[in-house]
Structure formats: structure tokens, C-alpha cells
Amino acid sequence: MAELDRPTRPVPRPLPALLTGENADVYFLRSEQVLAGDGRNPVVTMEVFCRRAGATLCGIDEAKGLLSIALEADAAAGNAAVWALRDGDLIEAKEVVLRIRAPYQSIARFETAYLGMLAHGTGWATAARAIVDAAAPTPVIAFGARHVHPNIADRLDYAAIIGGATSASTTAGSSRAGKMPVGTMPHALVLIYGDTVEAALAFDRNIEREVPRIVLVDTFRDESEESVRVAAALGNKLGGVRLDRASELGGVTPALVAEVRAALDAAGATAAQIVISGGLSLERIAEFKAAGSRVDTYAVGSAISGVRPIDFTADIHEIDGQPIGKRGRPSGTTTSPRLREVDLAAWRAALAPATR
Numbered sequence: 139m140a141e142l143d144r145p146t147r148p149v150p151r152p153l154p155a156l157l158t159g160e161n162a163d164v165y166f167l168r169s170e171q172v173l174a175g176d177g178r179n180p181v182v183t184m185e186v187f188c189r190r191a192g193a194t195l196c197g198i199d200e201a202k203g204l205l206s207i208a209l210e211a212d213a214a215a216g217n218a219a220v221w222a223l224r225d226g227d228l229i230e231a232k233e234v235v236l237r238i239r240a241p242y243q244s245i246a247r248f249e250t251a252y253l254g255m256l257a258h259g260t261g262w263a264t265a266a267r268a269i270v271d272a273a274a275p276t277p278v279i280a281f282g283a284r285h286v287h288p289n290i291a292d293r294l295d296y297a298a299i300i301g302g303a304t305s306a307s308t309t310a311g312s313s314r315a316g317k318m319p320v321g322t323m324p325h326a327l328v329l330i331y332g333d334t335v336e337a338a339l340a341f342d343r344n345i346e347r348e349v350p351r352i353v354l355v356d357t358f359r360d361e362s363e364e365s366v367r368v369a370a371a372l373g374n375k376l377g378g379v380r381l382d383r384a385s386e387l388g389g390v391t392p393a394l395v396a397e398v399r400a401a402l403d404a405a406g407a408t409a410a411q412i413v414i415s416g417g418l419s420l421e422r423i424a425e426f427k428a429a430g431s432r433v434d435t436y437a438v439g440s441a442i443s444g445v446r447p448i449d450f451t452a453d454i455h456e457i458d459g460q461p462i463g464k465r466g467r468p469s470g471t472t473t474s475p476r477l478r479e480v481d482l483a484a485w486r487a488a489l490a491p492a493t494r
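If you're matching positions, the sequence shown starts at 139 in our numbering and goes up one per residue.
So, in C-alpha cells, the structure goes:
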């Protein structure tokens, strides 16, 4: 017997509005009402897939958490079961990623939610995977939280890490993936102190030792000059510098990276790393790679956060054990050897407290 699918980390607890159906497409709620009125509640087998080949699946673990609550009573009575892949799996076009067998009234209202979890999570994770592959072996960190609604920033950052980013800028998203959040310093901090070195020294005085001293060096002066100044001020405590030159000044370029690297090396700061950020995309990363730029970390935002969701579809394939399907789609369950039965009780036990 195959091993059951169990969680390896906490998953977000569904919010009350999700469980009550307030966030569901209303036709699912009306379908429940119709079936309840006529006394019909067949056991159906639903299968979920997408048409995108090579996508990095994400959101499926959160969907398991949702279903672990929705199907608690049915599963205890032996009337429900779930099979699924896992976050991080690379999937084929039309591969079944989730199969649910349960009374229809128990799952109807949740279709909107689990499809949305999969669509956004997989879109972000797939974009992150493309960026990570393009940047390899240089690591990528996710800086996209500011481009999405704060209520989903943790999902974005978690998906980016599932896609291969080494960490992300928010505590919520990074910790969910078992990572520490990463960041340097904003221009605001440098502007308030009025000098890059003063801001760097203040950071060093007040921030825990385990946090790397990565100093933003493009606020007031030439980046090479500022890099040498902070290297002199921090000595071997300097972990690196971040380049985020404004687009009005031409942005970060391979030539700028080369200049800063040469300046740091000449100042004896050969161990100081260079982190670059600011509108990085697949195309821009390719430019740095082609130039042989000595970039140590790419900090990427909207190239991950701004991608379109990847659509997923849910279809009924059986009703009360009898194969059925809509016209144009196969009837009966699909052969899906990678699916594993989900231990719903274990996933329910792993739910983190609701935070919103």
C-alpha cells in the first residue's frame, strides 16, 4: 500500500468567509440549494488539471488543508477521500493534480477556492522557476510582496520559494517555507540618516549579528564611491552591497556591476557580495549572464508577482461510482500514477491559526 500524503510544514487555516462560501461563485451555492431541496447528494469524483506543460505546482498543499476541514465528517464516516500531488511537483499538461471523492454538497462551494489557490500559486511558482533557472547558479530572492495585496503576500513569497527562490522578503511567506526572511535596507533609511555610511553604521549597531550587513549604495553618491566608503566603515562585517540604481539614471547594468566589483576588490573587500535589484526580468538577467557579471544575488519582484495565474479546471468524472463526463471530456477516472491518497486528519492537525 502506498504511503499516505502527509504535511511536512504548517499550512494556512482557511478563513471563515471561505468556509461559509462568501468567496465562492454563487452558482455553487445555488446548486447546493437545488440539490438539498430535491434531496439529492450523490458521491462524485472530481478531477483537477491544467493545460500548461512543465508548470511548477503550488497551492495544492493549501487546498489539502481546506479539504481536511470541509470533509472531516464525511471522511470519518468513510464517505470521502482525496488524492493529490505536492507543492513543487513539475506537472504535465492535463495531468490530474487533485482527485476528490465525496458527497457533492460537501465540496461544491469550495471549487472556487481550491482552483484559485492552484491558479495563483502555480503561476507564481512557475515564474520563479523560470527566473531561477535563468539565473543559475546565482541565487534568487523574492522581493515582490509590495506588488500584491498584503493579504496574499505570504502566498506569493511561499510560491516563489517553492519555485526555487532561496528566500523572500516577508516573514510570513519565508517562515511558511522554513526560511528566514531576507532584505537589505530601503532608500528611506539612508535618506533619514542623510548619509549611506551613517545608515550602515546605525544598521550595524541595532540589528542582530546573524543578519548580513548588505548596504544599499545608490541613494546619494556614485555606487563605487559609496561601496568603498561602507567597506572602510564596516570592515569585515560588510556582507555586501545592493545596487538599485533608478531607471532615470539608466538602472543597474553589467558595466555598473563591473565597476563596483573592481572598486570593492581594490579596497580589499573581496568577500563583499553584490546584490542587484530593480525591474529584473528573464531578459535582463540574460544580459548580466552573457556579460559574465559577478552578481552574487538577484532580487526579483514583479517578474514573479506580476505573472498571470495559470488556469485550472475541475470536472466530475464519476457519479455514485458510474463513469460520466461533459461532452468533449473523458468519462471515468483518469490514470494518474503520481497521485497519493491524502491523510486528511494529518493535514487538519497541521493547520496554522487563522491570522486574518
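The beta carbon of each residue, even a glycine, is placed where N, CA and C say it ideally should be.
Keep in mind the model is a prediction, meaning the values are calculated, not measured.
Taking 7 Å as the limit between beta carbons, can you name the residues of its chain near A484, skipping five residues before and five after? Locating residue 484 in the sequence shown gives position 346, where the first residue counts as 1. These residues qualify, in order along the chain: R144, P145.
What three-state label does DSSP hand R347 in the structure shown? Taking the sequence shown and counting its residues from 1, one reaches residue 347 at position 209. If DSSP states are grouped into helix, strand and coil, R347 belongs with coil.
Of the residues D382, V366, R383, which one's Cα is nearest the Cα of A409? As a working mapping, residue 409 is identified with position 271 in the sequence shown. Distances from the alpha-carbon of A409 to those of D382, V366, R383 put V366 closest.
For Q411, which residues does DSSP report across the bridge? Locating residue 411 in the sequence shown gives position 273, where the first residue counts as 1. Answer by DSSP bridge pairing, in chain order: G378.
Stretch-stretch touch, CB-based, cutoff 8 Å, three pairs: the stretch 192-208 with the stretch 251-266: Look at the beta carbons and you see the stretch 192-208 touching the stretch 251-266: at least three pairs across the two are nearer than 8 Å.
Backbone secondary structure at M184 - three-state DSSP: One-based indexing of the sequence shown puts residue 184 at position 46. DSSP places M184 in strand when its eight states are reduced to three.
On the three-state DSSP scale, how would you describe P491? Stepping through the sequence shown from its first residue, residue 491 is reached at position 353. Note: P491 maps to coil in three-state DSSP.
Going residue by residue through the stretch 410-487, where are the continuous beta strand (DSSP E) segments of at least 3 residues, counting only ones entirely within it? With a minimum length of 3 residues, the continuous beta strand (DSSP E) runs that stay inside the stretch 410-487 are 411-414, 435-438, 450-457.
Any beta-carbon of chain C closer than 9 Å to the one on I290? Protein chains in the displayed structure number just one, and chain C is not present.
Would you call the stretch 292-308 in contact with the stretch 464-481, where contact means no fewer than 3 C-beta pairs closer than 8 Å? For the pair of segments examined, the stretch 292-308 was found not to touch the stretch 464-481: the number of CB pairs separated by less than 8 Å stays below three.
Local Cβ density within 10 Å of D271, reported as buried at 16 or more and exposed below that: Taking the first residue of the sequence shown as 1, we reach residue 271 at position 133. Answer is exposed; the Cβ neighbour count stays below 16.
Pick out whichever of P288, V480, E348, I352 has its Cα sitting closest to the Cα of I414. Sequence index remark: in the sequence shown, residue 414 carries index 276 (1-based). I414 has its Cα closest to that of I352, out of P288, V480, E348, I352.
Taking C-alpha atoms, which residue in T276, L372, A222 lies nearest to L477? On the sequence shown, residue 477 is found 339 positions in, with the first residue counted as 1. Answer by Cα proximity: A222.
Quick check: the Cα distance between D225 and L236, rounded to an integer number of angstroms? Counted from its first residue, the sequence shown places residue 225 at position 87. Counted from its first residue, the sequence shown places residue 236 at position 98. Cα to Cα, the separation comes out at about 12 Å.
In the structure shown, what three-state DSSP assignment does P241 receive? Taking the first residue of the sequence shown as position 1, residue 241 is located at position 103. It is a strand residue.
Could you give the distance in angstroms between the alpha-carbon of I457 and the alpha-carbon of I245? Counting from one through the sequence shown, the residue named residue 457 turns up at place 319. Counting from one through the sequence shown, the residue named residue 245 turns up at place 107. Distance between the alpha carbons of I457 and I245 is about 14 Å.
Write down the C-beta distance between D292 and T304 rounded to the nearest angstrom, noting that I regard them as a contact closer than 8 Å. To locate residue 292, count along the sequence shown from 1; it is residue 154. To locate residue 304, count along the sequence shown from 1; it is residue 166. Actually they do not touch by this definition, with Cβ atoms about 17 Å apart.
Using the C-alpha atoms, what's the distance from E170 back to A384? Stepping through the sequence shown from its first residue, residue 384 is reached at position 246. Stepping through the sequence shown from its first residue, residue 170 is reached at position 32. C-alpha separation (whole angstroms): 54 Å.
Examine the Cβ distances between the stretch 432-439 and the stretch 448-462 and report whether three or more of them are shorter than 8 Å. Touching, no, given that fewer than three Cβ pairs across the two stretches are closer than 8 Å.
How do the stretch 338-345 and the stretch 308-320 stand: do at least 3 beta-carbon pairs fall below 8 Å, yes or no? No, the stretch 338-345 is not in contact with the stretch 308-320.
Can you give me the C-alpha to C-alpha distance between H325 and D199, rounded to a whole angstrom? Residue numbering aside, residue 325 sits at position 187 when the sequence shown is read from its first letter. Residue numbering aside, residue 199 sits at position 61 when the sequence shown is read from its first letter. About 37 Å.
V220 in three-state terms, based on DSSP: Working through the sequence shown from its first residue, we reach residue 220 at position 82. If DSSP states are grouped into helix, strand and coil, V220 belongs with the strands.
Proximity below 9 Å, CB of L354 to CB of T322: Against the sequence shown, residue 354 aligns to sequence position 216. Against the sequence shown, residue 322 aligns to sequence position 184. Yes, they are a contact pair.
So A405 and A370 are in contact, right, with Cβ under 8 Å, and what is the actual spacing, rounded? Looking up residue 405 in the sequence shown gives position 267. Looking up residue 370 in the sequence shown gives position 232. At roughly 7 Å, the Cβ-Cβ gap stays under 8 Å, so A405 and A370 are in contact.
What is the C-beta distance between D212 and A240, in whole angstroms, given that I count them as a contact (C-beta under 8 Å)? One-based indexing of the sequence shown puts residue 212 at position 74. One-based indexing of the sequence shown puts residue 240 at position 102. 5 Å between Cβ atoms; contact.
From the DSSP secondary-structure annotation, give me the bridge partner or partners of A280. Position 142 of the sequence shown, counted from the start, is the residue given in the question as residue 280. Beta-bridge pairing links A280 to A306, V438.
Q460 versus I454: straight-line alpha-carbon distance, rounded: The residue labelled residue 460 in the question sits at position 322 within the sequence shown. The residue labelled residue 454 in the question sits at position 316 within the sequence shown. Their backbone Cα atoms lie some 11 Å apart in a straight line.
CA-to-CA distance, A266 to R151, given in whole angstroms: In the sequence shown, the residue the question calls residue 151 occupies position 13. In the sequence shown, the residue the question calls residue 266 occupies position 128. If I take the Cα positions, the gap works out to 25 Å.
Give me whichever residues DSSP pairs with L354 in a beta bridge. Within the sequence shown, residue 354 is the residue found at index 216, counting from 1. DSSP, once it has assigned bridges, lists R380 as partnering L354.
State the start and end residues of the unbroken alpha helix (DSSP H) segment that holds A215. What you label residue 215 is simply residue 77 of the sequence shown in a count that begins at 1. Run containing A215: none; DSSP gives neither H nor E here.
Going by CA-CA distance only, name the one from V320, T473, A487, G444 that's closest to E233. Here the question's residue 233 lines up with position 95 in the sequence shown. Comparing Cα-Cα distances from E233 to each of V320, T473, A487, G444, the minimum goes to T473.
Cross-strand partners of D143 (DSSP beta bridge): Residue 143 sits at position 5 when you count from the first residue of the sequence shown. Beta-bridge pairing by DSSP links D143 to V480.
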